[in-house]
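So the sequence shown is residues 1 to 456, counted in the UniProt record's numbering.
Here a beta-carbon is modelled for each residue, glycine too, at the ideal position from N, C-alpha and C.
Presented below is the structure to which this report refers.
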Amino acid sequence: MKRFLSWICRRPEPEPVQDGVRSAGAVDPLTSSKIFEKIQKDEDLYALPIPGAFPPSPSVSPRLAPRDEHLEEDYVLVDTTQEIGVDVSTAPILHTDLGSYLHPRRPKYTPSPQRFRPAEPATAKPIRRPHFQDDQAIEDPYGRKYKAYEKLPLGRAMSAVSLFYPEQKPLPDNRIASILAPEWEQREKERKALEGLAGRSTRIIPRGPAVRPLSREWIMKVSEAMRTLQGYAVARSPSGDDLYQKDIATCIKPLAWLNDEIINAYLTVLVQYLRQSTGNTASGERPKFHAFNTFFYSTLRDKGYQGVRRWANRAKIGGEALLDVDTVFIPVHQASHWTLMVVRPVDRTIEYFDSLGARGMREVEVIKKWLAGELGNKFDAEEWSFLPSVSSHQDNMSDCGVFLLINAKAIALGIEPTAFGAKDTVDLRVKIVAELMNGGLHGPFYPVDKMGQTWL
Numbered sequence: 001m002k003r004f005l006s007w008i009c010r011r012p013e014p015e016p017v018q019d020g021v022r023s024a025g026a027v028d029p030l031t032s033s034k035i036f037e038k039i040q041k042d043e044d045l046y047a048l049p050i051p052g053a054f055p056p057s058p059s060v061s062p063r064l065a066p067r068d069e070h071l072e073e074d075y076v077l078v079d080t081t082q083e084i085g086v087d088v089s090t091a092p093i094l095h096t097d098l099g100s101y102l103h104p105r106r107p108k109y110t111p112s113p114q115r116f117r118p119a120e121p122a123t124a125k126p127i128r129r130p131h132f133q134d135d136q137a138i139e140d141p142y143g144r145k146y147k148a149y150e151k152l153p154l155g156r157a158m159s160a161v162s163l164f165y166p167e168q169k170p171l172p173d174n175r176i177a178s179i180l181a182p183e184w185e186q187r188e189k190e191r192k193a194l195e196g197l198a199g200r201s202t203r204i205i206p207r208g209p210a211v212r213p214l215s216r217e218w219i220m221k222v223s224e225a226m227r228t229l230q231g232y233a234v235a236r237s238p239s240g241d242d243l244y245q246k247d248i249a250t251c252i253k254p255l256a257w258l259n260d261e262i263i264n265a266y267l268t269v270l271v272q273y274l275r276q277s278t279g280n281t282a283s284g285e286r287p288k289f290h291a292f293n294t295f296f297y298s299t300l301r302d303k304g305y306q307g308v309r310r311w312a313n314r315a316k317i318g319g320e321a322l323l324d325v326d327t328v329f330i331p332v333h334q335a336s337h338w339t340l341m342v343v344r345p346v347d348r349t350i351e352y353f354d355s356l357g358a359r360g361m362r363e364v365e366v367i368k369k370w371l372a373g374e375l376g377n378k379f380d381a382e383e384w385s386f387l388p389s390v391s392s393h394q395d396n397m398s399d400c401g402v403f404l405l406i407n408a409k410a411i412a413l414g415i416e417p418t419a420f421g422a423k424d425t426v427d428l429r430v431k432i433v434a435e436l437m438n439g440g441l442h443g444p445f446y447p448v449d450k451m452g453q454t455w456l
């Protein structure tokens, strides 16, 4: 390519040649040796480098060196112990003799004594108080609130109420009191009542089973009573009321609802046991234990105190004599559910036991109305306390009557009502009937055994 371009640039303008005819004396530059050498020489002088092109070919072709057999056979030994005139002990740190001058070592840094100053003791800065008229009105030492008021376009904000009532009136007591204040007061009363009962014997919880199993003999007697014909009494309560097969069937059959006769008769058995165990059996003596029948609470709730005004007098506990009574059992029946109310006039306490877990505040208020009507001027609501009481829970909707009676029995015996549970209701149903047929808690059903353990 270079040759061609060089030849194009250097050759003279040829004369026009006719087609197919060569001029006389015309010489072909490629065939003439002299002209070819001249062109080759000019090409070397005026060679134009072209980017990306291959370098020009060498003028002389390279030749391979002849094989020398003597060089292959002889080995040249090199002396590696030859001295080069360098003293290793005085060699510089760097690879060059000028290393110590090019990179001199810095001197050891010593801080200036004026750079580090001792810390000055902190001095308490005075609090900048804002400048306003009522300096003691708010607790804002930096005046952040007043600075915010100054930024308002119309100045400090003002309540429209202050235009009509420039002097602030004191708030009534019920406005500043908490809505939970009545409940707090009630809990404080309960706490004080519990502190007052600290000296009284507490209810016990048996270590083992609390329900004593029924003997085989009494199981056979209860089975025979269930086969008794209608119209024949199978048991009699301490008050003289007869119980028939239809009555005890409501207690023995599982998931049956106890009727009023069974509940009234068994509560009478418990009161008889308490009076006998405390020696309160004299004919003219006022009873210290009493149990109202199942109609007392419903009558009191529906008709008020006037509906039951004579009930306490008939039991010889009416009026101020009620304050000397130790325990009063009140069965409560509401919405097909039985619960127990225990009133202790001597201690001025009220307890409510519900096997479904309700607290019974509404029922307690009904009983307080009866106490207020019965005691008159002697009734002081501040003295009476409602104690939080816990009952075992039933696992169905049929055993509430059984829990009522066994809770009353546990309280009479000084046992915690949580000592028994729903798993014991089947045996307790049969045992209630057996104790009614026995006529009370005596003989084989005496609560305390020879070892001194108290059983339900």
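In this structure Val-366 touches Arg-301 by the C-beta definition: roughly 5 Å separates them, less than 8 Å.
Rounded to whole angstroms, the separation of the alpha carbons of Phe-295 and Pro-388 is 25 Å. By the neighbour-count criterion, in which a residue is buried when 16 or more other Cβ atoms sit within 10 angstroms of its Cβ, Gln-272 is buried.
DSSP places Gln-245 in the helix class (H, G or I) of the three-state scheme.
In its chain, beyond the 5 residues on either side, Leu-258, Ile-262, Arg-429, Ile-432 and Val-433 have a beta carbon closer than 6 Å to the beta carbon of Cys-251. Residue environment for Thr-349: buried (at least 16 other C-beta atoms within 10 angstroms of its C-beta).
Between the C-alpha atoms of Asp-326 and Phe-292 there is a straight-line separation of about 14 Å. The Cβ atoms of Lys-246 and Gly-304 lie no closer than 9 Å to each other.
Between the stretch 219-233 and the stretch 413-427 there are fewer than three inter-stretch CB-CB distances shorter than 8 Å, so the stretches are not counted as touching.
Residue burial is scored here from C-beta neighbours: Glu-363 has at least 16 other C-beta atoms within 10 angstroms and is therefore classed as buried. Assigned with DSSP and collapsed to three states, Gln-230 falls in coil, not helix or strand. Counting only runs of 3+ residues, the beta strand (DSSP E) found wholly inside the stretch 258-334 occupies 289-291 and 327-334, in chain order.
Burial check for Ala-410: the Cβ neighbour count within 10 Å reaches 16 or more, so the residue is buried. Excluding the 5 residues flanking it on each side, Val-308 has same chain C-beta neighbours closer than 7 Å at Phe-296, Thr-299, Leu-300 and Trp-370, in chain order. Using a 10 angstroms sphere on the CB of Val-402, the tally of other CB atoms reaches 16 or more, which defines it as buried. Excluding its 5 nearest sequence neighbours in each direction, Ser-239 has C-beta neighbours in its own chain below 7 Å: Thr-268, listed in chain order. Between Lys-316 and Pro-287, the beta carbon gap of about 6 Å places them in contact (Cβ cut-off 8 Å). Taking C-beta atoms under 8 Å as the contact rule, Leu-456 and Asn-407 fail to qualify, at a distance of about 10 Å.
Counting C-beta pairs closer than 8 Å gives fewer than three between the stretch 226-240 and the stretch 205-214, which falls short of the contact rule.
For Arg-359, the closest alpha carbon among the candidates Leu-436, Lys-253 and Phe-386 is that of Phe-386. In terms of CA proximity to Ser-336, Leu-356 leads the group Leu-356, Val-342, Tyr-352 and Leu-322.
Gly-319 and Glu-374 do touch by the CB rule: their CB atoms are close to 7 Å apart, below 8 Å. A straight-line Cα-Cα distance of about 21 Å links Val-234 and Tyr-446. Cβ contact annotation for Arg-187 (same chain, cutoff 7 Å, sequence separation greater than five): none.
Residue range 337-344 is occupied by the beta strand (DSSP E) that includes Trp-338.
Annotation: the continuous beta strand (DSSP E) that includes Leu-387 extends over 385-387. For Glu-374, the enclosing alpha helix (DSSP H) covers residues 361-375. Bounds of any alpha helix (DSSP H) do not take in Phe-353; it lies within the beta strand (DSSP E) bounded by 349-353. Assignment of Ile-204 by DSSP, reduced to helix, strand and coil, places it in the strand class.
The residue among Asp-260, Pro-331 and Ala-321 with its C-alpha nearest the C-alpha of Glu-285 is Ala-321. Excluding sequence positions up to five before and after Asp-395, its CB lies within less than 6 Å of the CB of Ala-422, all in the same chain and listed in chain order.
Our two residues, Cys-400 and Gln-168, have alpha carbons roughly 58 Å apart in a direct line. If the five residues before and after Asp-260 are omitted, its C-beta is found closer than 7 Å to the C-beta atoms of Thr-294, all from its own chain and listed in chain order. By the neighbour-count definition (other C-beta atoms within 10 Å, threshold 16), Ser-392 is a buried residue. For Asp-449, same chain residues with a beta-carbon under 7 Å away, outside a window of 5 residues either side, are Trp-455 in chain order.
As the crow flies, the alpha-carbon of Gly-279 is around 11 Å from that of Phe-289.
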